[in-house]
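For my numbering, add 247 to where a residue sits in the sequence shown, where the first one is 1.
Glycine included, C-beta positions come from ideal geometry on N, C-alpha and C.
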Amino acid sequence: MAVMKTRFSRKLHLAFGAMLSVTLALAWYFYDSVHWFEYDIERITIANSVLNGHRTLATQTALKLSLIDESVANGAISDLPRWHENARVMRSSIIAIRQALEDERALRSVGGETDEMEVLNEMESLVESIIASGEEIRLALADQRLDDAQAAAQRLRSDGTAEIFNDLMVETLATRSKELRDANAETVSLAHYITGVLPLFMLALAGLTALIAFLFSRSLTRSVNVLHRGAQALTNDDLSHRIPELQEKEFAELGEAFNTMARQLADHRAAMRDSNIRLEAIVEERTRALKTSNEILELVDENRRKLLADISHEFRTPLTVIRGESEIALRGKIKTKAEYQETLARIIEQADQTTRLVDDLLFIARADAGEPRLKIRQVSIGNLLNAACTDFSSKAEQNKISIEQKFDDNNATVMGDAGRLRQVFSILIDNALRYSTEGSKVTVSLERRDDDIVAKIRDTGIGLTAEEARQAFQRFYRGGQAQGHARGTGLGLPVAKAIVEAHKGSITLEGKPGEGALATVVLPAEEKMKAVA
Numbered sequence: 248m249a250v251m252k253t254r255f256s257r258k259l260h261l262a263f264g265a266m267l268s269v270t271l272a273l274a275w276y277f278y279d280s281v282h283w284f285e286y287d288i289e290r291i292t293i294a295n296s297v298l299n300g301h302r303t304l305a306t307q308t309a310l311k312l313s314l315i316d317e318s319v320a321n322g323a324i325s326d327l328p329r330w331h332e333n334a335r336v337m338r339s340s341i342i343a344i345r346q347a348l349e350d351e352r353a354l355r356s357v358g359g360e361t362d363e364m365e366v367l368n369e370m371e372s373l374v375e376s377i378i379a380s381g382e383e384i385r386l387a388l389a390d391q392r393l394d395d396a397q398a399a400a401q402r403l404r405s406d407g408t409a410e411i412f413n414d415l416m417v418e419t420l421a422t423r424s425k426e427l428r429d430a431n432a433e434t435v436s437l438a439h440y441i442t443g444v445l446p447l448f449m450l451a452l453a454g455l456t457a458l459i460a461f462l463f464s465r466s467l468t469r470s471v472n473v474l475h476r477g478a479q480a481l482t483n484d485d486l487s488h489r490i491p492e493l494q495e496k497e498f499a500e501l502g503e504a505f506n507t508m509a510r511q512l513a514d515h516r517a518a519m520r521d522s523n524i525r526l527e528a529i530v531e532e533r534t535r536a537l538k539t540s541n542e543i544l545e546l547v548d549e550n551r552r553k554l555l556a557d558i559s560h561e562f563r564t565p566l567t568v569i570r571g572e573s574e575i576a577l578r579g580k581i582k583t584k585a586e587y588q589e590t591l592a593r594i595i596e597q598a599d600q601t602t603r604l605v606d607d608l609l610f611i612a613r614a615d616a617g618e619p620r621l622k623i624r625q626v627s628i629g630n631l632l633n634a635a636c637t638d639f640s641s642k643a644e645q646n647k648i649s650i651e652q653k654f655d656d657n658n659a660t661v662m663g664d665a666g667r668l669r670q671v672f673s674i675l676i677d678n679a680l681r682y683s684t685e686g687s688k689v690t691v692s693l694e695r696r697d698d699d700i701v702a703k704i705r706d707t708g709i710g711l712t713a714e715e716a717r718q719a720f721q722r723f724y725r726g727g728q729a730q731g732h733a734r735g736t737g738l739g740l741p742v743a744k745a746i747v748e749a750h751k752g753s754i755t756l757e758g759k760p761g762e763g764a765l766a767t768v769v770l771p772a773e774e775k776m777k778a779v780a
């Protein structure tokens with residue numbers, strides 16, 4: 248009977264999606280709760296400020312009335328600084344209350360404080376009336392006009408100002424006290440709500456995690472045990488053992504590959520017995536060839552040491568990758584054919600990279616020794632630049648970078664190696680594209696300057712510092728910005744420099760961080776080279 252296969256990865260994604268949903272819900276709940284808790288705390292703080300301001304105003308107003316009665320009774324003001332300080336504190340209290348009401352209105356984002364502001368304005372008017380009466384009494388007492396002072400005090404008591412103020416203050420304090428109690432109750436209720444729901448959320452998350460762990464552990468353990476028994480059978484040289492069909496598609500494919508490998512191993516074992524004799528003969532022949540090669544290598548060992556000194560650290564990375572991939576393939580768990588092919592592809596990629604590195608270093612070494620091995624002929628620089636631009640047009644289009652060509656002299660020619668010069672321009676254009684940002688432009692220009700041909704490649708990418716430009720042509724050097732932006736060996740510009748100088752030319756690099764870079768190649772024109780010859 249066929250087994251319905253499911254993807255283990257799909258189950259994994261669904262499970263983690265559920266956990267993520269619960270976690271996000273928990274995060275949102277606490278974010279919203281904390282937001283409202285902070286709102287309540289700020290609301291309570293402002294309410295306290297308003298209430299304390301009213302209490303201070305009530306106390307100072309009562310003190311003012313008491314000072315007035317005392318001064319009229321004594322016929323003089325006994326403590327004038329206290330008299331003035333009292334008036335100042337009364338006005339400051341009104342200012343503080345008004346500011347707190349404005350803060351409360353801003354916090355609520357609604358206009359619900361208008362009535363309280365009107366009440367405050369009425370209180371302020373009454374307070375100013377009391378202060379004004381007090382000043383009238385103070386001046387009368389200062390001039391020894393006791394009758395006038397007593398008359399002013401009598402008017403203050405009879406016009407109802409103090410009673411109206413007291414009524415407003417009592418009502419306001421009662422209202423504000425109730426609001427503060429309500430706000431405190433809401434905050435306590437919210438805190439209880441948060442602490443009550445938190446354990447439920449945590450229990451739900453813990454339960455979901457435990458359930459997912461149990462289900463996946465059971466499914467994974469079952470399939471892994473079947474595969475382990477198959478591997479153990481192969482270890483015991485039982486090539487007839489076969490893995491049964493598994494439910495999860497990934498493990499089913501692995502089991503099928505396991506069975507295929509077992510069949511292939513059985514077939515290869517028979518073939519290996521037949522080829523052992525031939526292999527021994529081949530090994531003997533190879534041994535003789537290796538002995539001859541070793542004798543030849545000893546003759547060139549001195550030259551090789553210098554080259555290895557330059558490339559040893561660059562070879563370490565690809566060789567480590569090759570060795571690591573090989574050891575994993577040989578010593579690790581038996582893998583599928585596709586996995587072996589993927590491993591071999593990575594090994595080939597690293598081998599190709601190492602080969603290109605060797606070719607570049609050999610050219611640099613020969614150029615340093617004065618033996619660059621160039622194939623000199625008449626070369627059109629315009630055609631080379633155009634070909635190089637065409638080579639990188641696809642890469643530029645993928646990165647959404649435009650390449651603009653500006654050739655003032657499309658017929659400029661030099662005497663040189665077309666392949667190597669094209670390599671120079673390819674290196675420079677490739678660098679310009681590597682370090683350019685999406686949507687930018689790379690400009691390739693060509694002009695004649697006296698007896699020289701000048702080619703320029705300009706980009707508007709990450710740029711470089713003056714120190715980086717100075718060291719850019721050293722072997723294996725890569726600037727700080729380049730290391731973090733794109734991969735490379737650090738040999739492109741040294742190779743380009745060696746090629747250009749082998750053609751009796753020069754190459755420079757300049758730029759600024761964030762403003763791009765400009766590479767300039769100057770080559771002697773064909774006419775100049777003929778004149779020198």
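From the listed residues Gly739, Phe723, Leu711 and Arg722, the smallest Cα separation to Glu762 is found for Leu711. Excluding its 5 nearest sequence neighbours in each direction, Glu694 has C-beta neighbours in its own chain below 7 Å: Asp655, Asp656 and Val701, listed in chain order.
With a cutoff of 8 Å on beta-carbon distance, Arg722 and Leu738 are scored as near each other. Around the C-beta of Arg520, fewer than 16 other C-beta atoms lie within 10 Å, and the residue is accordingly described as exposed. Remark: C-beta atoms of Val671 and Ala643 do not approach each other more closely than 8 Å. Per the Cβ contact rule, the region 405-419 is in contact with the region 360-380 (3 or more Cβ pairs under 8 Å). Exclusion of the five residues before and after Arg489 leaves Asn506 as the residues of its chain whose Cβ lies within less than 6 Å of its Cβ. Where Pro328 is concerned, the enclosing alpha helix (DSSP H) starts and stops at Leu327 to Arg355. Assigned with DSSP and collapsed to three states, Leu267 falls in helix. The bridge partners DSSP lists for Lys703 are Ser692 and Thr767. Here Lys584 carries a helix assignment [DSSP, helix/strand/coil]. Per the DSSP secondary-structure output, Lys653 pairs in a beta bridge with Ser692. For the pair Ile291 and Ser683, the Cα-to-Cα distance works out to about 56 Å. When C-alpha distances from Thr434 are compared across Arg570, Tyr286 and Leu271, the shortest belongs to Tyr286. Contact between the region 578-593 and the region 659-676 is absent: fewer than 3 CB-CB pairs across the two stretches fall below 8 Å.
Within the DSSP secondary-structure output, Val661 pairs in a beta bridge with Val626.
Taking C-beta separations shorter than 6 Å and ignoring five residues to either side along the sequence, the partners of Ser692 in its chain run Lys653 and Lys703, following chain order. When DSSP reads this structure, Thr755 sits in a beta bridge with Thr767. The DSSP-derived three-state label of Phe639 is coil. By the criterion of a C-beta distance shorter than 7 Å, Arg667 is surrounded in its chain by Leu621 and Ile746, once the five residues flanking it on both sides are discounted. Secondary structure of His439 (DSSP, three-state): helix. In the three-state reduction of the DSSP assignment, Lys647 falls in the coil class, being assigned neither a helical nor a strand state. Taking C-beta atoms under 8 Å as the contact rule, Lys759 and Phe720 fail to qualify, at a distance of about 18 Å. Of the candidates Glu773, Leu756 and Ala772, the residue whose Cα lies closest to the Cα of Leu765 is Leu756. Taking C-beta atoms under 8 Å as the contact rule, Pro771 and Asp698 qualify, at a distance of about 7 Å. Between the beta-carbon of Glu426 and that of Ala305 there is about 17 Å, and that puts the pair past the 8 Å contact cut.
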